[in-house]
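Undergrad: In my numbering, the protein residues as written are 2 to 209. Ideal placement from N, C-alpha and C gives every residue a C-beta, glycine not left out. First the structure, then my questions, so here it is.
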Amino acid sequence: MKVIFATTSRRKIQDLIDIIEEDNLNLEILTMKDIGWNIGEIEETGKTLQENSLIKAKAVHKYCLEQGIKYPIIADDTGLFVDALKGEPGIYTARYADEERKKDPSLPPYECINKLLKKLGNSQNREAFYQCVVTCIKSDGSYFQETGKSYGNIVKQIEVSLQKPYFYCIFELKGTKKVFQLLSRDELKATYRYVTLRKVLQRIHKEN
Numbered sequence: 002m003k004v005i006f007a008t009t010s011r012r013k014i015q016d017l018i019d020i021i022e023e024d025n026l027n028l029e030i031l032t033m034k035d036i037g038w039n040i041g042e043i044e045e046t047g048k049t050l051q052e053n054s055l056i057k058a059k060a061v062h063k064y065c066l067e068q069g070i071k072y073p074i075i076a077d078d079t080g081l082f083v084d085a086l087k088g089e090p091g092i093y094t095a096r097y098a099d100e101e102r103k104k105d106p107s108l109p110p111y112e113c114i115n116k117l118l119k120k121l122g123n124s125q126n127r128e129a130f131y132q133c134v135v136t137c138i139k140s141d142g143s144y145f146q147e148t149g150k151s152y153g154n155i156v157k158q159i160e161v162s163l164q165k166p167y168f169y170c171i172f173e174l175k176g177t178k179k180v181f182q183l184l185s186r187d188e189l190k191a192t193y194r195y196v197t198l199r200k201v202l203q204r205i206h207k208e209n
């Protein structure tokens, strides 16, 4: 069974490939490039991760119907939610400092971190969680969603080299005393996005 993953992220695609191999699933991942997608990025107009994940899945589903492609499609949306900031950056995690960088092009690509740490200041409440929602839409238009969360807190200062995804540099996973960027591959496999993707792939495998 072939499955289309609505992403251009090599890291996410590799996660799926790893899960398929680890769980011995009879699935093959197709990328956006594999299906000839040339429309560009899909605009996320939803107010929740659930809505945005579904928007992306439906956009690719529509394209596939037009191209005569009839494979399940999965799409994900992820956000970091900080308690003291009333859930910011939330659905805007991937573009949290875009407006600031448009106004001032000299700002670094990791300005999102600077913005969040500045807003959080010396707040004692630094609790936060990462959430991922994965949508799987079938060729007939029916769909299901799975959700995963990882809890932790925002560190007060950056102590690692800055790499994408930038918020991984300041989000410390509960019970590890490590920011996400320092987690081993095996440790990451027990976190929100990997676990959620695994649930979806296992369900697709079981139903087909």
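With H, G and I counted as helix, E and B as strand and the rest as coil, what does DSSP make of LEU28?
TA: Mapped onto the sequence shown, residue 28 falls at position 27. LEU28 falls in the coil class under three-state DSSP.
Undergrad: In angstroms with no decimal places, state the Cα-to-Cα distance between VAL196 and GLU29.
TA: Residue 196 sits at position 195 when you count from the first residue of the sequence shown. Residue 29 sits at position 28 when you count from the first residue of the sequence shown. VAL196 and GLU29: Cα-Cα distance of roughly 18 Å.
Undergrad: Do you know offhand how far LYS104's Cα is from GLU22's?
TA: Here the question's residue 104 lines up with position 103 in the sequence shown. Here the question's residue 22 lines up with position 21 in the sequence shown. Spanning the two alpha carbons is a distance of roughly 45 Å.
Undergrad: Would you kindly report the start and end of the unbroken alpha helix (DSSP H) that includes ILE56?
TA: Within the sequence shown, numbered from 1, the residue matching residue 56 stands at position 55. Its alpha helix (DSSP H) spans residues 50-68.
Undergrad: Quick check on the burial criterion: 16 or more other C-beta atoms within 10 angstroms. Buried or exposed for PRO90?
TA: One-based indexing of the sequence shown puts residue 90 at position 89. By the Cβ neighbour-count rule, PRO90 is buried, with 16 or more other Cβ atoms within 10 Å of its own.
Undergrad: Is the beta carbon of THR192 less than 8 Å from the beta carbon of LEU174?
TA: Start at 1 with the first residue of the sequence shown, and residue 192 comes out as number 191. Start at 1 with the first residue of the sequence shown, and residue 174 comes out as number 173. Taking 8 Å as the Cβ cut-off, THR192 and LEU174 qualify as a contacting pair.
Undergrad: Tell me the start and end of each unbroken alpha helix (DSSP H) in the region 123-204 that is at least 4 residues and wholly inside, in chain order.
TA: 186-189
Undergrad: Measuring only the C-alpha atoms, how far is VAL135 from LYS157?
TA: Numbered from its first residue, the sequence shown carries residue 135 at position 134. Numbered from its first residue, the sequence shown carries residue 157 at position 156. Rounded to whole angstroms, VAL135 to LYS157 spans 30 Å at the Cα level.
Undergrad: What is the C-beta distance between LEU117 and ASP78, in whole angstroms, given that I count them as a contact (C-beta under 8 Å)?
TA: Position 116 of the sequence shown, counted from the start, is the residue given in the question as residue 117. Position 77 of the sequence shown, counted from the start, is the residue given in the question as residue 78. The pair is not a contact, with the Cβ atoms about 19 Å apart (cut-off 8 Å).
Undergrad: Can you tell me whether DSSP reads ALA76 as helix, strand or coil?
TA: If you number the sequence shown from 1, residue 76 lands on position 75. Per DSSP, reduced to three states, the secondary structure at ALA76 is strand.
Undergrad: Have a look at GLY88 and LEU81 and give me their C-alpha separation to the nearest angstrom.
TA: Translated into positions along the sequence shown, residue 88 becomes position 87. Translated into positions along the sequence shown, residue 81 becomes position 80. Computed Cα separation, rounded: 8 Å.
Undergrad: Between ILE56 and ALA7, is the Cβ-Cβ spacing less than 8 Å?
TA: In the sequence shown, residue 56 corresponds to position 55, counting from 1. In the sequence shown, residue 7 corresponds to position 6, counting from 1. Against a cut-off of 8 Å, the Cβ pair of ALA7 and ILE56 comes out as no contact.
Undergrad: Measure how close the beta-carbons of CYS133 and ARG194 come, nearest whole angstrom, since I'm counting them as under 8 Å.
TA: Translated into positions along the sequence shown, residue 133 becomes position 132. Translated into positions along the sequence shown, residue 194 becomes position 193. So it is a contact: roughly 4 Å between Cβ atoms.
Undergrad: Tell me whether GLN164 is buried or exposed, calling it buried when 16 or more other Cβ atoms sit within 10 Å of its Cβ.
TA: Locating residue 164 in the sequence shown gives position 163, where the first residue counts as 1. Classification for GLN164: exposed.
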